[in-house]
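Novice: These protein sequence lines map, in sequence, to chains A and B.
Per my numbering, the first sequence starts with residue 14, numbered consecutively.
Per my numbering, the second sequence starts with residue 308, numbered consecutively.
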Amino acid sequence: MSDQLLVERNSMAAETAQAADAPMVKVSNLVKHFRRADGTTVNAVDDVSIEVMPGQFTVLLGPSGCGKTTLLRCVAGLEHPVGGRVEIRGRTVFDAATKVNLAPEKRGLNMIFQSYALWPHMTVAANIAYPLVCKKVKKSEHAGRVARALEMVGIPELGKQYPSQLSGGQQQRVALARALVSNSDLVLFDEPLSNVDAKVREQLRFELLSMQRELGFAALYVTHDQSEAMELAHSIAVLEKGKVAQSGGPQEIYRKPSSRYVGGFVGTLNEIDGTVRRIDPDGTAVVDTEVGELSAGSVADGVKQGDLVVVSCRPERVELNLVEPNDIANRWQVTVTASVFSGSRTEHVVTFADRDFRLWRSDSVLFETGTAAWVGVATEDLRVLPF
Amino acid sequence: MTALPETLPAGAAPGTQPAAGRSDGSRFTLFSGISLALAIVFMLLAMYPILSVIAGLFFTDGTFNPGAVFSHVLGLPGLWQMLLNTLVIVVVSGAIAVVCGSVLAWLVVRTDARIRWLGGILPLLPFVLPALVGTMGWAMLLSPKTGLVNILIRNILSPLGVHLDQGPLDVYSYGGMIFVYTIYMIPFTFLLVSAGLENSDAQLEEQSRVSGGGVLRTLFRVTIPSVRPSLGAAMLLTVFFGFAFFAGPAVLSTTSGIDILSVRIANILSFSYPADTAGAVGLSTFMLVAVAIVWWIQTRVLRRSNYATINGRGKATEIHLGKLRWLGRLVIILYALIAVVLPFLALLWVSFRGFWSFDWDFTTLSLTQYTTVLFGDAFSSTALITSLLLALLGATVGMFVAAIIARFVRSSPGRVGRAVDILIKVGAPIPAVVLGVGVLLAFGGAPWHLGGTFGILLLAYLVHFMPQATVNADAAAAQVGPQLMEASHISGGGDGRTFLRISLPLMLPDLIAGWSLLFLWMLGELNASIILAGTSNPVLGEQMYLLYFQGYFGKLAALAIIVTIISVIVLLGANLLARRLRGGRLRPGAV
Ligand SMILES: Nc1ncnc2c1ncn2[C@@H]1O[C@H](COP(=O)(O)OP(=O)(O)OP(=O)(O)O)[C@@H](O)[C@H]1O
Ligand SMILES: [Mg+2]
Numbered sequence: 014m015s016d017q018l019l020v021e022r023n024s025m026a027a028e029t030a031q032a033a034d035a036p037m038v039k040v041s042n043l044v045k046h047f048r049r050a051d052g053t054t055v056n057a058v059d060d061v062s063i064e065v066m067p068g069q070f071t072v073l074l075g076p077s078g079c080g081k082t083t084l085l086r087c088v089a090g091l092e093h094p095v096g097g098r099v100e101i102r103g104r105t106v107f108d109a110a111t112k113v114n115l116a117p118e119k120r121g122l123n124m125i126f127q128s129y130a131l132w133p134h135m136t137v138a139a140n141i142a143y144p145l146v147c148k149k150v151k152k153s154e155h156a157g158r159v160a161r162a163l164e165m166v167g168i169p170e171l172g173k174q175y176p177s178q179l180s181g182g183q184q185q186r187v188a189l190a191r192a193l194v195s196n197s198d199l200v201l202f203d204e205p206l207s208n209v210d211a212k213v214r215e216q217l218r219f220e221l222l223s224m225q226r227e228l229g230f231a232a233l234y235v236t237h238d239q240s241e242a243m244e245l246a247h248s249i250a251v252l253e254k255g256k257v258a259q260s261g262g263p264q265e266i267y268r269k270p271s272s273r274y275v276g277g278f279v280g281t282l283n284e285i286d287g288t289v290r291r292i293d294p295d296g297t298a299v300v301d302t303e304v305g306e307l308s309a310g311s312v313a314d315g316v317k318q319g320d321l322v323v324v325s326c327r328p329e330r331v332e333l334n335l336v337e338p339n340d341i342a343n344r345w346q347v348t349v350t351a352s353v354f355s356g357s358r359t360e361h362v363v364t365f366a367d368r369d370f371r372l373w374r375s376d377s378v379l380f381e382t383g384t385a386a387w388v389g390v391a392t393e394d395l396r397v398l399p400f
Numbered sequence: 308m309t310a311l312p313e314t315l316p317a318g319a320a321p322g323t324q325p326a327a328g329r330s331d332g333s334r335f336t337l338f339s340g341i342s343l344a345l346a347i348v349f350m351l352l353a354m355y356p357i358l359s360v361i362a363g364l365f366f367t368d369g370t371f372n373p374g375a376v377f378s379h380v381l382g383l384p385g386l387w388q389m390l391l392n393t394l395v396i397v398v399v400s401g402a403i404a405v406v407c408g409s410v411l412a413w414l415v416v417r418t419d420a421r422i423r424w425l426g427g428i429l430p431l432l433p434f435v436l437p438a439l440v441g442t443m444g445w446a447m448l449l450s451p452k453t454g455l456v457n458i459l460i461r462n463i464l465s466p467l468g469v470h471l472d473q474g475p476l477d478v479y480s481y482g483g484m485i486f487v488y489t490i491y492m493i494p495f496t497f498l499l500v501s502a503g504l505e506n507s508d509a510q511l512e513e514q515s516r517v518s519g520g521g522v523l524r525t526l527f528r529v530t531i532p533s534v535r536p537s538l539g540a541a542m543l544l545t546v547f548f549g550f551a552f553f554a555g556p557a558v559l560s561t562t563s564g565i566d567i568l569s570v571r572i573a574n575i576l577s578f579s580y581p582a583d584t585a586g587a588v589g590l591s592t593f594m595l596v597a598v599a600i601v602w603w604i605q606t607r608v609l610r611r612s613n614y615a616t617i618n619g620r621g622k623a624t625e626i627h628l629g630k631l632r633w634l635g636r637l638v639i640i641l642y643a644l645i646a647v648v649l650p651f652l653a654l655l656w657v658s659f660r661g662f663w664s665f666d667w668d669f670t671t672l673s674l675t676q677y678t679t680v681l682f683g684d685a686f687s688s689t690a691l692i693t694s695l696l697l698a699l700l701g702a703t704v705g706m707f708v709a710a711i712i713a714r715f716v717r718s719s720p721g722r723v724g725r726a727v728d729i730l731i732k733v734g735a736p737i738p739a740v741v742l743g744v745g746v747l748l749a750f751g752g753a754p755w756h757l758g759g760t761f762g763i764l765l766l767a768y769l770v771h772f773m774p775q776a777t778v779n780a781d782a783a784a785a786q787v788g789p790q791l792m793e794a795s796h797i798s799g800g801g802d803g804r805t806f807l808r809i810s811l812p813l814m815l816p817d818l819i820a821g822w823s824l825l826f827l828w829m830l831g832e833l834n835a836s837i838i839l840a841g842t843s844n845p846v847l848g849e850q851m852y853l854l855y856f857q858g859y860f861g862k863l864a865a866l867a868i869i870v871t872i873i874s875v876i877v878l879l880g881a882n883l884l885a886r887r888l889r890g891g892r893l894r895p896g897a898v
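Structure (structure tokens):
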């Protein structure tokens, strides 16, 4: 891709990202059922609304079978939803009410399939040139653009190979080049990194990130890997059984999950049951629990005084001491049941009142099993979630 | 297809502009329109002739007179004897074919008697030597006076003091007919039962062996019950095939005096003057009814059997037959000998010798018959060229259309796709003889006047073989994962481009294999041709049939050998080409 184009793109991405009022993709109340062979229906996508801003990386995150792929395919036009509406660049490409349903090839987007879907009868170069052929780009430009695309994904020497002669990682790069060669400003990804091994995955993830930031296309990216989601995303939508459980920036999703499901899915969550005694005007809550009264810095929407709730915190936000930490608001006594060194950190499991807590520390101090200790959690690190 | 601007700044197209598209099931595009149109055309082409037959039952010379045809048919001489002959021969041969086919299937699929390369081509053998040619070869081997096998047996018996003037075997008998029917039914039963064996749960058998059941006990207590649905389907298929079978009985029926339904229909239409159209229509109805009943039962049985099979969990370890292994191999080889090698050798000898005589006079062998049929005998050479053209054109058009339809049916799971699939297969149960009669009634006269033309033959072949062609094309389409097509759409390719650039090339290896079968079927087609081919357009099947009955055995044999050589070359060539196309890259099904 020419430098001039790059500059254009960057400025465009920057502008639009700041303007941030006209979404690239707007999905409203989308519904898609499947009929299984035994006659039952599955609500694969159930009243979903999401937005993808220009130049932004939006991740659809959720466990297997929650409808991520189906949602992505509805946006691409490969599935036929039964209800709702999809707009791309402000243009309605699907609307159940007015019976609009634009073919995938007319939606002006690109997609990378989980299995790459490279055409085995074409060389790598021919695979990459195909979108140019379809979009009637001048033939004289093909060779140059294919070469630049190959360069960009780091495999300039593989143009004459057939896909079956490539490694998984290389095939992935070809799929990426094919999606990027036509300079589309919207690319959909369906778990593109799930078929390559961990090392390659990390490398590709990094390259993908820098390519996206450089080219400035909007990405809608499906994954079930929460760390992948956190690293790549400007914004994340966590799906649960075909519905959006929560959407927001990675930090917000991680620190302020709206439910135990979301909190547990994006990371390890420690939980203590309790009852809300009161919620103060500043948003902190006092909760009665089996370790006494805890003060939590934030409360999920919909939690009221008197509710049965779960008080939660992240493992890396818990202090572990042999003596009582008097300077921390919430503290109680525990017994260490496991303590292991795992390279970048030490992990400990502590027990109190038939309950386990996991905590991670960056130092390398290990405790013997059975050691009596204190844990402490700051008010801002406790969050109250609906039971 | 409109080319999209490469990048659209956000909000460049404000507001919403509805775009073309439909919301009920699949999007309606030019491609689906073409597929649907093709399916409807082929359905009409199949239904119109059948409706003509049925109309022929009720209308005589344009007036509604249902009684006339019925009373005429019921008054045909020897009607009931003929129907009884047909029924008995079909059912008895079917039963024998199921037993033989199952034994072969068991040997090939489950035991160490299998001969790998032979197991694969066993079902293809009848394509190499078409039934017409094979039956003629067997007539040369088994006719009572001059049959080679009979001569050999008599030569062995006479030193022992047994002198026979003819026989002891006679191909022109119930036994001979059943023998020939059985040979050509075995490939069907073999295919169905081996598929059943491959799908049945091998672990059940292994469990039985581990629990102390011997090979035989396992066979009877576990294996056979587990493939019972396949056995049922095989039996029905033989009946279905048997009623329509023409080439075999056509050769034997006249001499043996054993009248057979399919042969009688062709005879009263093509070889009696004036042609007895009413009789042919009436008899065709008998066949349609029989075939429809079997078809109905079969679809029900097949549906249930699908339900019952457990999909292959692990491959069964092969059963070691010990010393019996050689016996097993002998059985497999024996079938190959009977189906192809022996009749082929008999024909080869006659073609070089010039006439039907097994006098082992090697001095008179020559290629005269070959030069005659290729260059001297106008009818034979014209027939060869016409049939080659028909097969080339028919197989190519047929496979291309079938590929479009198969692709469409696979990619549109909605109601339209299902309808197309049903429409295109409507003609499947119609016997070729009946279709021939129908096509002649429908297109032979006004307003089409296609009688005796190249066109009417091509049309009949296409209609007759289209259901099978779509089955083959569907197998090819199943090899190509849907994401490969979706990736093309996403890249901006429309339906047509996706079909031509992605689906078709990826299906090509399997389409070529399917094409070769279609080509061979059309090359040797006899049933419909005998009714439809005129003197200006002789075709191979019909020409060989005529040569046989005119007693030109030398010419016939030479023609038969030429057809066989072409068949082998096409079959091998297509398979090699298909393999080369597949080679060097992964199977597209990997996605
Ligand atoms: N063609 C189909 N027919 C019937 N059911 C389907 C079909 N496709 C998907 N489903 C069902 O819809 C639900 C959502 O499937 P989907 O493929 O969107 O899940 P996913 O979130 O992508 O999962 P994964 O992470 O495993 O890929 C599942 O319950 C699945 O069984
Ligand atoms: Mg998925």
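Backbone N, C-alpha and C define an ideal beta-carbon position, used for all residues, glycine too.
Rounded to whole angstroms, what's the CA-CA distance from Leu-523/B to Leu-84/A? Just pull it up for me.
Specialist: One C-alpha to the other measures close to 55 Å.
Novice: To the nearest angstrom, how far is the alpha carbon of Arg-889/B from that of Leu-813/B?
Specialist: If I take the Cα positions, the gap works out to 9 Å.
Novice: Alpha carbon to alpha carbon, how far is Ile-876/B from Phe-669/B? Give it in angstroms, no decimals.
Specialist: Each residue's Cα considered, the two are about 28 Å apart.
Novice: By the 7 Å beta-carbon criterion, what residues does the segment 126-137 of chain A contribute toward chain B?
Specialist: Residues passing the 7 Å Cβ filter: Phe-126, Ser-128, Ala-130, Trp-132, Pro-133 and His-134.
Novice: Taking a cut of 8 Å between CB atoms, which residues from the segment 787-800 of chain B lie near chain A?
Specialist: Under the 8 Å Cβ criterion, the segment 787-800 of chain B contributes Gly-788, Gln-790, Leu-791, Glu-793, Ala-794, Ser-795, His-796, Ile-797, Ser-798, Gly-799 and Gly-800.
Novice: Asp-728/B lies in the alpha helix (DSSP H); which residues open and close that run?
Specialist: Note, Asp-728/B: alpha helix (DSSP H), 722-732.
Novice: May I ask which residues mark the beginning and end of the alpha helix (DSSP H) holding Pro-384/B?
Specialist: No alpha helix (DSSP H) holds Pro-384/B; DSSP gives it neither H nor E.
Novice: Could you give the C-beta distance for Ala-597/B and Phe-550/B, rounded to a whole number, given that I count them as a contact under 8 Å?
Specialist: About 5 Å separates the two Cβ atoms, so the contact holds.
Novice: Quick one: does the C-beta of Thr-82/A sit closer than 6 Å to a heavy atom of ligand 2?
Specialist: Yes, since a heavy atom of ligand 2 falls inside the 6 Å radius drawn around the Cβ of Thr-82/A.
Novice: In its own chain, which residues sit with a C-beta less than 7 Å from the C-beta of Arg-632/B, not counting the 5 before and 5 after it?
Specialist: The residues are Asp-419 and Ala-420.
Novice: Within a Cβ cutoff of 8 Å, which residues of the same chain sit near Pro-895/B, ignoring the five residues on either side of it in sequence?
Specialist: The pLDDT assigned to Pro-895/B is 40, lower than 50, so where the model puts this residue is not dependable, and the model offers no usable value.
Novice: Taking the alpha carbon of Arg-291/A as the point to measure from, which residue in Thr-281/A, Ser-311/A and Gly-277/A has its own alpha carbon closest?
Specialist: Arg-291/A has its Cα closest to that of Ser-311/A, out of Thr-281/A, Ser-311/A and Gly-277/A.
Novice: Checking the sheet assignment: what are the DSSP bridge partners for Ala-386/A?
Specialist: For Ala-386/A, which the question treats as bridged, DSSP gives the partners Val-347/A.
Novice: Hey, is Ser-330/B's beta-carbon within less than 7 Å of any beta-carbon in chain A?
Specialist: Model confidence at Ser-330/B stands at a pLDDT of 33, short of 50, so the residue's coordinates are unreliable; what they give is reported in the following sentence. Closer than 7 Å: yes.
Novice: If we define contact as Cβ-Cβ less than 7 Å, is Leu-91/A a contact residue for chain B?
Specialist: By this cut-off, Leu-91/A is an interface position.
Novice: Use the C-beta contact count for Ser-355/A: other C-beta atoms within 10 angstroms, 16 or more gives buried, fewer gives exposed.
Specialist: Label assigned to Ser-355/A: exposed.
Novice: For Tyr-852/B, name the three-state secondary structure that DSSP assigns.
Specialist: Tyr-852/B: helix per DSSP, three-state reduction.
Novice: Between Lys-152/A and chain B, is any beta-carbon pair separated by less than 7 Å?
Specialist: No, its Cβ sits nowhere closer than 7 Å to a Cβ of chain B.
Novice: To which residues does DSSP link Gly-759/B through a beta bridge?
Specialist: Note: Gly-759/B sits in a beta bridge opposite Ala-840/B.
Novice: Report the residue from Ala-840/B, Ala-780/B and Ala-685/B whose alpha carbon sits nearest the alpha carbon of Gly-751/B.
Specialist: Ranking Ala-840/B, Ala-780/B and Ala-685/B by Cα distance to Gly-751/B puts Ala-840/B first.
Novice: DSSP state of Glu-393/A, grouped into three classes?
Specialist: Glu-393/A: helix per DSSP, three-state reduction.
Novice: Cβ closer than 7 Å: which chain A residues qualify as neighbours of Arg-804/B?
Specialist: The answer, in chain order, is Cys-147.
Novice: I need the boundaries of the alpha helix (DSSP H) containing Phe-686/B, first residue and last residue.
Specialist: It spans 685-718 - the alpha helix (DSSP H) in which Phe-686/B sits, taken as one unbroken run.
Novice: Using a Cβ-Cβ cutoff of less than 7 Å, which residues in the same chain neighbour Leu-628/B once the five nearest sequence positions on both sides are dropped?
Specialist: The answer, listed in chain order, is Thr-418, Asp-419, Ala-420 and Gly-635.
Novice: Which runs of the alpha helix (DSSP H) spanning at least 4 residues fall entirely within the segment 213-258 of chain A, listed in chain order?
Specialist: Listed in chain order, they are 239-245.
Novice: Should Pro-812/B be flagged as near chain A, meaning a C-beta pair shorter than 7 Å?
Specialist: Closer than 7 Å to some Cβ of chain A, the Cβ of Pro-812/B qualifies, so yes.
Novice: What are the residues of the segment 157-183 of chain A that lie near chain B, defined by any Cβ-Cβ distance shorter than 9 Å?
Specialist: Listed by position along the chain: Tyr-175, Pro-176, Ser-177 and Gln-178.
Novice: Measuring only between beta-carbons, confirm whether Pro-94/A sits less than 7 Å from chain B.
Specialist: No, Pro-94/A does not count as interfacial toward chain B.
Novice: Taking only the alpha-carbon atoms, compute the straight-line gap between Val-546/B and Gly-172/A and give it to the nearest angstrom.
Specialist: Computed Cα separation, rounded: 56 Å.
Novice: What do you reckon, are the CB atoms on Ile-125/A and Ala-192/A nearer than 7 Å?
Specialist: Yes. Within cutoff.
Novice: Quick one: residues in its chain with C-beta nearer than 6 Å to the C-beta of Leu-499/B, no 5 flanking neighbours on either side, listed in chain order?
Specialist: Within the same chain, Leu-499/B has close Cβ partners Ser-537, Ala-540 and Ala-541.
Novice: When you check each C-beta in the segment 814-825 of chain B against every C-beta of chain A, which residues fall closer than 9 Å?
Specialist: Within the segment 814-825 of chain B, the residues whose Cβ lies closer than 9 Å to some Cβ of chain A are Leu-815, listed in chain order.
Novice: To test your reading of the DSSP string, which unbroken alpha helix (DSSP H) runs of 4 or more residues are found completely within the segment 632-670 of chain B?
Specialist: Here the runs fully enclosed are 649-660.
Novice: Considering only DSSP beta bridges, list what Asp-198/A is partnered with.
Specialist: Per DSSP, none; premise fails for Asp-198/A.
Novice: Glu-832/B to Ser-719/B, Cα distance in whole Å?
Specialist: Cα to Cα, the separation comes out at about 34 Å.
Novice: Taking Cys-407/B and Ile-493/B to be in contact with their CB atoms under 8 Å, please state how far apart those CB atoms are, rounded to whole angstroms.
Specialist: With 8 Å as the limit, Cys-407/B and Ile-493/B qualify as a contact, their Cβ atoms being about 5 Å apart.
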